[in-house]
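**Q**
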Amino acid sequence: MTTEKYSFERYLNVRSAYGTSFSPDGSQISFLTDITGVAEVWSVPVDMRAQMQLWPQQLTFRGERVGSVVYSPKAPLMLVSADIGGNERMQLYTLNTDGSEFTALTMHPDAIYTFGDWSPDGTRIVYSSNERDPRFFDVYERHIESGAVKLLLQQDGTNYVVGYAPDGQQVLVSRYDSNTRNMLMLVDIASGSVRPLTPPATGTGPSLYVSPAWSADRAGLYLLSNRDRQFLSLAYLDLATTEMTYLSDTNWDVDKLAVTHDGTRLASVINENGYSNLELFDVARGWADRQPLQGPTLSGGVVNDLSWSQDGSKLAITFVSPDDSPDIYIWDANECIVWRATRSSLGGIPQSAFVRPALVQYPTFDGREIPAFLYLPHDKQRGLPIVINVHGGPEGQALPIFNPVNQYLVQRGYGVLAPNVRGSVGYGYEYQSLDDVRLRMDSVKDLQHAALWLRESGIANPRQIVVMGGSYGGFMVLAAVTNYPDLWAAAVDIVGIANFVTFLENTGPWRRKLRESEYGSLEQDREFLEQISPIHKVDAIKAPMFVIHGANDPRVPVGEAEQIVQALKQRNVPVEYLRFEDEGHGLIKRSNRLVAYPAIARFLDQHLG
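Positions in the sequence shown are counted from 1; adding 79 to them yields our numbering.
1. Span of the beta strand (DSSP E) holding ASP411?
2. Indicate whether VAL574 and HIS615 have their beta-carbon atoms separated by less than 7 angstroms.
3. In the structure shown, what three-state DSSP assignment does GLY638 receive?
4. Grouping DSSP H, G and I as helix and E and B as strand, with all else coil, what is PRO473?
5. Could you tell me the distance, in whole angstroms, from the CA atom of ARG422 to the CA atom of SER404?
6. Note down the Cα distance separating PRO450 from PRO135, rounded to an integer number of angstroms.
7. Using the rule of at least 16 other Cβ atoms within 10 Å of the residue's Cβ for burial, across every protein chain shown, is SER270 buried or exposed?
8. DSSP beta-bridge partners for GLY629?
9. Near LEU377, which residues of its chain fall below 6 angstroms by C-beta distance, leaving aside the five closest residues on each side in sequence?
10. Hey, quick one: how far does the beta strand (DSSP E) through TYR85 stretch, first residue to last?
11. Just curious, the alpha helix (DSSP H) that GLY426 is in, first and last residue?
12. For ASN540 and PHE579, what's the separation of their Cα atoms in angstroms?
13. For ALA432, which three-state DSSP category applies?
14. Candidates THR324, THR321, ALA412: which alpha carbon is nearest ASP361's?
15. Under the three-state reduction of DSSP, which class applies to VAL652: helix, strand or coil?
16. Looking at C-alpha atoms only, which residue of LYS84, TYR85, TYR90, SER596 is the closest neighbour of PRO483?
17. Within the continuous beta strand (DSSP E) that includes TYR301, where are the two ends?
18. With distances taken between CB atoms, is the gap from TYR441 to PRO464 smaller than 7 angstroms?
19. Is SER198 helix, strand or coil by DSSP?
20. Over what stretch of residues does the beta strand (DSSP E) that includes HIS222 continue unbroken?
21. Please look up how many angstroms separate the CB atoms of THR586 and VAL635, rounded, as I've assumed it's under 8 angstroms.
22. Determine the contact status of ASP661 and GLY342, defining contact as a CB-CB distance below 7 angstroms.
23. Which first and last residues belong to the alpha helix (DSSP H) in which TRP532 is found?
24. Write down the C-beta distance between ILE620 and VAL560 rounded to the nearest angstrom, noting that I regard them as a contact closer than 8 angstroms.
25. I'd like the ranges of any beta strand (DSSP E) spanning at least 3 consecutive residues and lying wholly in the region 255–334.
26. Hey, which unbroken runs of the alpha helix (DSSP H) at 4 residues or more fall wholly within the region 552–632?
27. Can you tell me whether ASP458 is buried or exposed? The criterion is at least 16 other CB atoms within 10 Å of its CB, across all chains shown.
28. Looking at the secondary structure, which residues open and close the beta strand (DSSP E) in which PRO541 lies?
29. Going by C-alpha distance, which of GLY663, ALA569, SER512, ASP246 is nearest SER596?
30. Between the Cα of GLU584 and the Cα atoms of ASP177, VAL637, ALA367, which residue gives the shortest distance?
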């Protein structure tokens with residue numbers, strides 16, 4: 080490894096801006112940025128000339144993560160969701176647009192409140208919460224001025240609010256049976272009647288309906304769905320007949336959709352091998368008479384978020400590439416121009432120092448080709464120490480975005496491979512389901528073959544291959560070092576699953592049912608889950624381990640880390656453990672990341688040197 084030129088602190092000084100919301104008159108945007116070390120609410124003028132003269136204004140000062148911010152469509156008021164210590168128990172607050180008043184709306188710190196929407200007249204909000212029972216999410220409406228709360232939908236399931244109907248008299252709700260199946264319903268506010276718009280989320284095949292939005296004539300919904308097909312595609316749902324018609328047919332997911340409030344303009348994003356392709360249309364006269372719009376050229380990266388102004392004249396686009404910070408761009412639909420509304424710091428590191436990955440494929444045990452992003456130092460391409468960095472999920476995808484850890488490691492002379500093993504999204508439902516339940520260990524074989532390919536191609540030094548991952552990626556790390564112990568020089572497990580039985584017993588009760596369709600249930604699959612759990616194979620581990628976990632993790636409880644660390648210590652396997660009392664599922668706070676990641680780098684240097 081080479082001597083670092085820039086400290087990890089400099090890489091963490093590469094900031095990000097995201098989560099845009101337009102003020103009612105379109106003159107301001109609110110957004111989230113981690114300039115202070117954790118996500119807080121800021122605002123900036125939309126006008127290009129005003130941006131050049133004014134510094135963005137910070138509006139919250141919690142010192143804890145803010146999850147979202149959304150302007151009222153009428154009043155100078157915002158709705159903010161935020162948690163404490165990474166516990167994901169989001170609470171709701173109102174925030175004046177000058178930051179002067181930050182008022183709590185919810186008073187149950189052990190419950191989760193998921194914001195849905197402002198009513199069209201700005202007098203009410205609708206949200207989901209598990210305050211009745213931690214296993215289930217019901218739907219509530221709250222009047223902002225009076226504080227009166229009305230239960231709109233109670234059901235022993237996972238019910239998330241999509242938004243109000245244009246007339247403000249109905250609420251669109253999405254009920255999830257699993258992470259791959261849901262259904263849409265319209266709830267009448269006055270009567271409480273529930274009208275299903277899609278079939279119930281049952282069976283084993285894909286049936287997702289996401290990002291629904293009203294058409295201009297209010298007769299139907301544009302949405303994304305993969306019912307009866309491999310990929311998420313743009314579709315139209317007729318509200319009178321509930322018949323759904325597909326409007327696009329590609330061999331890639333359409334993974335983002337945003338429609339203006341009046342239904343006249345539509346923006347969608349196609350995920351082509353991880354890279355985003357933005358498409359824009361005028362649909363004022365319906366899809367059949369659509370007109371393409373000349374949108375901005377944002378290539379070589381990923382569109383993370385789309386948000387229209389109230390009048391539909393401007394689109395905020397959060398865009399990130401591997402060698403630049405995540406930032407917000409504004410596209411003016413009338414003028415057909417685009418400008419960068421935020422310009423996050425690159426930490427004083429020249430952009431030329433960052434590496435863009437190569438999109439590669441490597442063969443695995445059953446003849447499939449596994450897609451991956453390969454990051455290599457500028458000055459050396461072969462015989463490298465390599466870190467295989469595994470994404471979480473497993474319904475996730477490694478994407479060509481800025482990753483400070485990957486860039487820092489590459490600067491230090493490491494190569495980084497970010498594979499999309501079977502089970503990853505973005506490559507069709509068949510590929511995504513290749514690791515379900517009894518097929519779980521096939522995805523770990525994909526990691527084995529990643530290491531073999533790196534070794535046999537000469538890219539990696541065979542004695543210096545590391546596996547690292549977080550969440551489900553942490554399980555993949557532990558499974559790799561227990562099933563293929565001779566491949567790895569070291570391993571880094573961040574908030575990973577060590578024991579599927581204790582994980583399912585102790586994960587947040589609202590998550591267990593959604594996770595069982597992917598992993599298997601304790602009632603039917605306990606023996607298999609015990610069989611594949613790394614905690615029962617620790618005697619095989621040879622690689623030194625670095626383990627990180629947050630004490631407040633509601634997804635993968637900290638006991639998963641403590642089990643594996645204790646077992647390794649009892650067997651005298653080298654292990655380092657960092658437990659953060661003010662973190663949850665992953666490291667959010669910059670101060671903690673500054674402790675953890677340089678320690679990981681020192682650990683790798685020690686064991687690979």
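For every residue, glycine included, the Cβ atom is placed at its ideal position computed from N, Cα and C.
**A** Once the coordinates are examined:
1. 403–411
2. no
3. Helix, per DSSP.
4. coil
5. Approximately 8 angstroms between the Cα atoms of the pair.
6. 39 angstroms
7. exposed
8. Answer by DSSP bridge pairing, in chain order: PHE659.
9. PHE398
10. Run containing TYR85: none; DSSP gives neither H nor E here.
11. Segment: none, GLY426 is in no alpha helix (DSSP H) and carries neither H nor E.
12. Rounded to the nearest angstrom, the two C-alpha atoms are 33 angstroms apart.
13. helix
14. ALA412
15. coil
16. The closest CA to that of PRO483, considering only LYS84, TYR85, TYR90, SER596, is found on TYR90.
17. 299–304
18. no
19. coil
20. 217–222
21. 7 angstroms
22. Cβ distance not < 7 angstroms, so ASP661 and GLY342 don't count as in contact.
23. Counting along the chain, the alpha helix (DSSP H) containing TRP532 begins and ends at 519–535.
24. The pair is a contact, with the Cβ atoms about 5 angstroms apart (cut-off 8 angstroms).
25. 260–267, 273–275, 288–293, 299–304, 312–317, 323–325
26. 579–585, 591–598, 601–611
27. exposed
28. Per DSSP, PRO541 belongs to the beta strand (DSSP E) from 539–549.
29. For the residues GLY663, ALA569, SER512, ASP246, the minimum Cα distance to SER596 belongs to SER512.
30. VAL637
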